[in-house]
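Trainee: Let me begin by handing over the structure; questions about it come next.
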Amino acid sequence: MRSILITPAIVLRSWAFGESDKIVSFLTATYGKVTGIAKGAKRSRRRFVNTLEPFSLVQLSFRDRPHSTLAFIHACDLIRPHKNLTTSLEKIACASYLTEITDAFASERQESRSLFDHLREGLIWVEHRVPSHSFLARYELQLLRLAGYQPGWESCRRCRKARVEDAPGHWLFSARDGGLLCAGCSALRKEAIPLSSEAIDVLVLVQRANTVLDDRQSFPSAALIEGRSVLRHFIQFQTSRELKSASFLDASSLT
Ligand SMILES: [Zn+2]
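Right, dumping it as structure tokens:
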């Protein structure tokens, strides 16, 4: 029999499988994303008492099964239930969104401790604070950096012209180029999105924050919302995913 592996993990999502089992997807501290089968989890709650709920931080014990991509979930012990995450629609929407976009960048069995730590920090923040666009922009930009897609804001990605050398208000964001294009170069990219200089300035400042916990600066909300719409578009482009929780988040009243 294969050996049992043990690691801290965050539950990303779970769904019913057959009469009595559940399939559960985790982001682990040591083994990247792990998806496994929890036998009897649907019928008997004794073995997995409240530990397979989304956002829970658990100590996961699992082993690989021969000829299957699904691991066997041996045990799941609760470290942190994140109960406060379900006390308001804003918190649920925000936690679901963080989980979904982090999941989108994580790969099965590819170690990504930094993504695990980022999601853990983000969920703790949402648990204790009022969710805001400013926090989400920090989370999104740091996630993009950790995944290797930090956007460039200082110069045109094609001709390298610096933004300070050009008239403000003539810059566009191109997901395909991973950053800004000047007006001339954007003629080649019909799908590039115009971005106001206020929004770019806000994104530059937010990107300088070293941690999602750095909440010292406040920003004009119109520029922040405009900047975030580009970040979301970029995340969808890089992960080739429609973000289901994004519309739920839009419906909540974030400040
Ligand atoms: Zn250019």
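Count along the sequence shown from 1, add 185, and you get the number used in my numbering. Glycine is no exception: its CB is placed at the ideal position from the N, C-alpha and C atoms.
What's the C-alpha gap between R232 and L308?
Mentor: Numbered from 1 along the sequence shown, position 47 holds the residue referred to as residue 232. Numbered from 1 along the sequence shown, position 123 holds the residue referred to as residue 308. The alpha-carbon atoms of R232 and L308 are separated by roughly 25 angstroms.
Trainee: Is E204 near L270, with beta carbons less than 8 angstroms apart?
Mentor: As a first step, residue 204 must be located in the sequence shown, where it is residue number 19. As a first step, residue 270 must be located in the sequence shown, where it is residue number 85. The answer is no: Cβ separation not under 8 angstroms.
Trainee: Within 10 angstroms of the Cβ of H252, are there 16 or more other Cβ atoms? Answer buried if so, exposed if not.
Mentor: For the purposes of this step, residue 252 is identified with residue 67 of the sequence shown, where counting begins at 1. Looking at its Cβ environment, which holds fewer than 16 other Cβ atoms inside 10 Å, H252 is exposed.
Trainee: Check the C-beta distance from H303 over to Q327 and give it rounded, since I have them as a contact under 8 angstroms.
Mentor: Counting from one through the sequence shown, the residue named residue 303 turns up at place 118. Counting from one through the sequence shown, the residue named residue 327 turns up at place 142. Going by Cβ atoms, the distance from H303 to Q327 rounds to 6 angstroms, so yes, they are a contact pair.
Trainee: Could you check how far apart the C-beta atoms of L439 and S273 are, in whole angstroms? I think they sit under 8 angstroms.
Mentor: Here residue 439 refers to the residue found at position 254 when the sequence shown is read from its first residue. Here residue 273 refers to the residue found at position 88 when the sequence shown is read from its first residue. Not quite, the Cβ-Cβ distance comes to about 11 angstroms (not below 8 angstroms), so this is no contact.
Trainee: Helix, strand or coil for E376? Go by DSSP, reduced to three states.
Mentor: Here residue 376 refers to the residue found at position 191 of the sequence shown. In this structure, E376 counts as coil in the three-state DSSP scheme.
Trainee: Any heavy atom of ligand 1 closer than 7 angstroms to the CB of R348?
Mentor: As a first step, residue 348 must be located in the sequence shown, where it is residue number 163. Not under cutoff, so the answer is no.
Trainee: Can you confirm whether the region 338-351 touches the region 362-370 when touching is taken to mean that 3 or more C-beta pairs between the two stretches lie within less than 8 angstroms?
Mentor: yes
Trainee: Work out the CA separation of A408 and E383 for me, nearest whole Å.
Mentor: In the sequence shown, residue 383 corresponds to position 198, counting from 1. In the sequence shown, residue 408 corresponds to position 223, counting from 1. Straight-line Cα distance between these residues: approximately 6 angstroms.
Trainee: Give the straight-line distance between the Cα atoms of V400 and E306, rounded to the nearest whole angstrom.
Mentor: Counted from its first residue, the sequence shown places residue 400 at position 215. Counted from its first residue, the sequence shown places residue 306 at position 121. First, the amino acid is wrong: residue 400 is Asp here, not Val. If you take the alpha carbons of D400 and E306, they lie about 13 angstroms apart.
Trainee: Are S261 and L434 close, meaning C-beta to C-beta below 8 angstroms?
Mentor: The residue labelled residue 261 in the question sits at position 76 within the sequence shown. The residue labelled residue 434 in the question sits at position 249 within the sequence shown. Correcting the residue identity first, residue 261 is Cys in this sequence and not Ser. Cβ distance not < 8 angstroms, so C261 and L434 don't count as in contact.
Trainee: Measure the C-alpha to C-alpha separation of D386 and W338 and round it to an integer number of angstroms.
Mentor: Here the question's residue 386 lines up with position 201 in the sequence shown. Here the question's residue 338 lines up with position 153 in the sequence shown. Computed Cα separation, rounded: 9 angstroms.
Trainee: Distance, Cα to Cα, H355 vs L390?
Mentor: As a working note, residue 355 is residue 170 in the sequence shown. As a working note, residue 390 is residue 205 in the sequence shown. If you draw a straight line from the Cα of H355 to the Cα of L390, it comes to about 20 angstroms.
Trainee: Just confirm the distance between the C-beta atoms of G221 and V209, as a whole number of angstroms; I'd bet it's less than 8 angstroms.
Mentor: Your numbering for residue 221 matches position 36 in the sequence shown. Your numbering for residue 209 matches position 24 in the sequence shown. The Cβ separation is near 6 angstroms, so the contact holds.
Trainee: Closest to V415 by CA distance: which of A360, A394, F404 and S371 is it?
Mentor: Against the sequence shown, residue 415 aligns to sequence position 230. Of the listed residues, the one whose Cα sits closest to V415 is A360.
Trainee: For R413, is the classification buried or exposed, using 16 other Cβ atoms within 10 angstroms of its Cβ as the cut-off for buried?
Mentor: For the purposes of this step, residue 413 is identified with residue 228 of the sequence shown, where counting begins at 1. Buried is the call here.
Trainee: Is the Cβ-Cβ distance between E275 and S437 less than 8 angstroms?
Mentor: Residue mapping note: residue 275 aligns to position 90 of the sequence shown, counting from 1. Residue mapping note: residue 437 aligns to position 252 of the sequence shown, counting from 1. With respect to the 8 angstroms criterion, E275 and S437 are classified as neighbours on the basis of their beta carbons.
Trainee: Assuming T213 and F290 make a contact with CB atoms under 8 angstroms, what is their CB distance in whole Å?
Mentor: Sequence index remark: in the sequence shown, residue 213 carries index 28 (1-based). Sequence index remark: in the sequence shown, residue 290 carries index 105 (1-based). Actually they are not in contact, since the Cβ atoms of T213 and F290 sit about 15 angstroms apart, beyond 8 angstroms.
Trainee: Indicate, with yes or no, if ligand 3 has a heavy atom lying under 7 angstroms from the CB of L428.
Mentor: As presented, the structure is devoid of ligand 3, carrying ligand 1 as its sole ligands.
Trainee: Residue range of the alpha helix (DSSP H) that V219 falls in?
Mentor: Translated into the one-based positions of the sequence shown, residue 219 becomes position 34. It is not in any alpha helix (DSSP H) - V219 instead sits in the beta strand (DSSP E) that spans K218 to A223.
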